[in-house]
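Participant: Below is a structure I'd like to ask you about.
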Amino acid sequence: MLELQRNVIFGQFVDTGSPIHKMDARIKLIATFVFIVASFLIDSFLGFALVLPLLALIQLISRVPAGYVLRGSRFFLGFLVFILFFQVLFYPGEVPESSYLWRWGFLSISTTGLYTAGILGLRVIFLYYVTTMLMLTTSLVDLTNGLELIFGPLQRIRVPVNELVLVFVIAIKFVPIFIGEVERLARAQTARGVPFDEGGAFKRARRLGRLLVPIFISGFARADLLTTAMNTRSYRGGRYRTKLRQLHSTATDWLMLLLVVAWMLAAWQLPDRLLS
Amino acid sequence: MATSSEGGRRGSVFSLNVRQIVIAGILGGIAIFLGYTRLGFIPVPNLAGSATIMHVPAILGGALEGPVVGTIVGGIFGIFSFIQAEVPFFRDPLVSILPRLFIGIVAWAVFAALRDRSVDLASAVAGVIGSLANTVGVLGMAVLLGYLPLVAIVPIVPQAIAEAILAAVVTVVVVRGVLLYRSGRTTAPEVRSDEERRY
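In structure tokens, the structure reads:
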């Protein structure tokens, strides 16, 4: 509870200056989108096994320490195990009689349930990994520029793209700030004798309120400050703004994207072809 | 002057001022923060896995800043739950994103309607109704699209009630706090005289 910051790496940017860091942000965003789509389509253990080498390659090239990523995902993985456990127990689908391993009332453990939960877990980890890597290797400025350029055409139909991207960026930017803040609040309350690690579910939930309400209020206070700061600098959306750093994509970037697309297609299609 | 006429000509579908952008962003940040650190989940042993208060930022955005902010915060919440989906039916954006857009709108409508009666009442009802909009919307879509049988809803009912009560409590306290903060006071109004308060 008190060690949140060390165990959560959301929104961090680790600059190692690797080729992946230097890639065009737009290409990285599109590649991430391809990965997300792929995570829906791939539905076999073999498929995910095929994806693994590419992820390992990305990890290696990016030079972001693997231990750092793993430690930062402890929270997430712990919760995932918990959720999957209940997914298996309460598996709602049709199960052939032979696949039951254990059964008690509506609770059951079946091979079908285990298989589904396994695929689901891999899918979630895959998605989590790609989105985390995108944030670890792309600075917030590049991310903003990339998103604005990708969704730019929507401005034609009068969608306020710049504003919406800014909302999104503020949201991401503030997550680590809130994590730091909740940690400080928990420490302050512990120092005053509030135990955060004891008691049943109900007591814990009630204690949570003491952390959440200050977070919301300080959030609104920060919003007022930021609004004043932006107004004094005359912020008015993205109109007429020019960029100091222009994004440009090289042939290598496009080749990388092509590689990702081809690899994902293979991971999606090959297992079916091989087995049938 | 130039800005306003230009803004009028190139006006957008919905316009956002700086304050709305910032508040939507920060509330969205709180929603992601609650989800990511799992602080916003209270583990419950059933198919959904946990009761959540991640929709509370969307309710607050709707109640305090109007429908546009509420919709955007709901959208961020939806996109996040779509990307982090651990339960199969959340993998469909029609279930995980679409219903969440309405939380803020519903909360805003209720809050605006009751605000003149009593702010506390308005926030409590906005919390309950906003929370129910989330539950009914998500489960409704899940059943409609065939992810869940209708029977599966029954064990989720107590959880939905718990979520609604939790949302109501948090909304009341936060709305009070924010209005107090905005009124410029740094302390709550004193009810006792100086003499009584001394020690």
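So the sequence lines, in the order shown, correspond to chains W and X.
If you count the first sequence from 1, position 111 lands on 202 in the working numbering, and the numbers rise without skipping.
If you count the second sequence from 1, position 127 lands on 122 in the working numbering, and the numbers rise without skipping.
Where a beta carbon is used, it is the ideal one built from N, C-alpha and C, also for glycine.
Being a predicted model, the structure only gives us computed values, none of them experimental.
What separation, rounded to the nearest whole angstrom, lies between the Cα atoms of X:A36 and W:T223?
Facilitator: Per the sequence shown, the amino acid found at residue 36 of chain X is Phe instead of Ala. Those two C-alpha atoms are separated by around 21 Å.
Participant: On the three-state DSSP scale, how would you describe X:T66?
Facilitator: The answer is helix: DSSP assigns X:T66 an H, G or I state.
Participant: Could you work out which residue in W:D363, W:L350, W:L361 is closest to W:F126 when comparing CA atoms only?
Facilitator: Looking at the Cα atoms, W:L350 is the closest of the given residues.
Participant: Should X:V168 be listed as close to the ligand ATP, given that the test is whether its C-beta is under 6 Å from any heavy atom?
Facilitator: Among the ligands in the structure shown, none appear at all, so the ligand ATP cannot be discussed.
Participant: Strictly below 7 Å CB to CB, what residues from chain B border X:R14?
Facilitator: No chain B appears in the structure shown, which is made up of the protein chains W and X.
Participant: Determine the extent of the beta strand (DSSP E) in which W:I200 is found, giving its start and end residues.
Facilitator: Its beta strand (DSSP E) spans residues 198 to 201.
Participant: Pairs of beta-carbons, one from the region 16 to 27 of chain X and one from the region 68 to 88 of chain X, closer than 8 Å: are there three or more?
Facilitator: Touching, per the Cβ criterion.
Participant: Whose Cβ in chain W lies nearer than 7 Å to the Cβ of X:G23?
Facilitator: What X:G23 touches in chain W: V258, A262.
Participant: Counting Cβ pairs, one atom from each stretch, are 3 or more of them under 8 Å apart for the region 162 to 172 of chain W and the region 17 to 24 of chain X?
Facilitator: Judged by Cβ distances under 8 Å, the region 162 to 172 of chain W makes no contact with the region 17 to 24 of chain X, as fewer than three pairs qualify.
Participant: Taking the beta carbon of X:H50 as the centre, do at least 16 other beta carbons fall within 10 Å, making it buried, or is it exposed?
Facilitator: Its Cβ being crowded by 16 or more others within 10 Å, X:H50 is buried.
Participant: Can you confirm whether X:L11, when its beta carbon is compared against all beta carbons of chain W, has any partner nearer than 7 Å?
Facilitator: Yes, its Cβ sits closer than 7 Å to a Cβ of chain W.
Participant: Across the region 134 to 148 of chain W and the region 257 to 267 of chain W, are there enough close Cβ pairs to call them in contact, namely three or more that are closer than 8 Å?
Facilitator: Cβ pair count under 8 Å is below three, so no.
Participant: Just tell me which of W:M114, W:D115, W:V105 has its CA closest to the CA of W:A157.
Facilitator: Out of W:M114, W:D115, W:V105, W:V105 has the C-alpha closest to the C-alpha of W:A157.
Participant: Tell me whether W:R84 sits in a helix, a strand or coil according to DSSP, three-state version.
Facilitator: What the structure shows of chain W is the stretch from 92 to 367, and residue 84 of chain W is not part of that stretch, so it cannot be assessed.
Participant: Expressed to the nearest angstrom, what Euclidean distance is found between the alpha-carbon atoms of W:L120 and X:T66?
Facilitator: Each residue's alpha carbon lies about 24 Å from the other.
Participant: Near X:P52, which residues of its chain fall below 6 Å by C-beta distance, leaving aside the five closest residues on each side in sequence?
Facilitator: If we look at X:P52 and ignore the five residues flanking it on each side, its Cβ neighbours are L22, I25, A26, V68.
Participant: Would you mind stating whether X:F106 and X:A128 have Cβ atoms separated by less than 7 Å?
Facilitator: Going by C-beta atoms, X:F106 is not nearer than 7 Å to X:A128.
Participant: Give the secondary structure of W:Y191 by DSSP, where H, G and I count as helix, E and B as strand, and everything else as coil.
Facilitator: The answer is strand: DSSP assigns W:Y191 an E or B state.
Participant: Which residue or residues does DSSP assign as beta-bridge partners of X:F36?
Facilitator: Partner(s): X:T47.
Participant: Considering Cα atoms alone, identify which of W:Q178, W:L161, W:L213 is closest to W:S130.
Facilitator: The shortest C-alpha separation from W:S130 is found at W:L213.
Participant: I'd like to know if the region 303 to 320 of chain W and the region 199 to 206 of chain W are in contact, where contact means that at least 3 CB-CB pairs between them fall below 8 Å.
Facilitator: The region 303 to 320 of chain W is not in contact with the region 199 to 206 of chain W.
Participant: In chain W, what lies closer than 8 Å to X:V173 by C-beta?
Facilitator: Here the neighbours are F307, I308, F311.
Participant: Once DSSP output is grouped into helix, strand and coil, what is the label at X:R171?
Facilitator: Reduced to three states, the DSSP call for X:R171 is helix.
Participant: Between W:D315 and X:R14, what straight-line distance do the alpha-carbon atoms span, to the nearest angstrom?
Facilitator: Spanning the two alpha carbons is a distance of roughly 8 Å.
Participant: For X:G6, which residues of its own chain have a beta-carbon under 6 Å away from its beta-carbon, when the five flanking residues on both sides are left out?
Facilitator: Interpretation of X:G6 is limited by its pLDDT of 49, a score under 50 that renders its predicted location unreliable; the figure taken from the coordinates is listed afterwards. Hits under 6 Å: none found.
Participant: Unbroken alpha helix (DSSP H) runs of length 4 or more, entirely within the region 229 to 316 of chain W: which are they?
Facilitator: Entirely contained in the region 229 to 316 of chain W, the alpha helix (DSSP H) runs reaching 4 residues are, in chain order, 231 to 242, 252 to 282.
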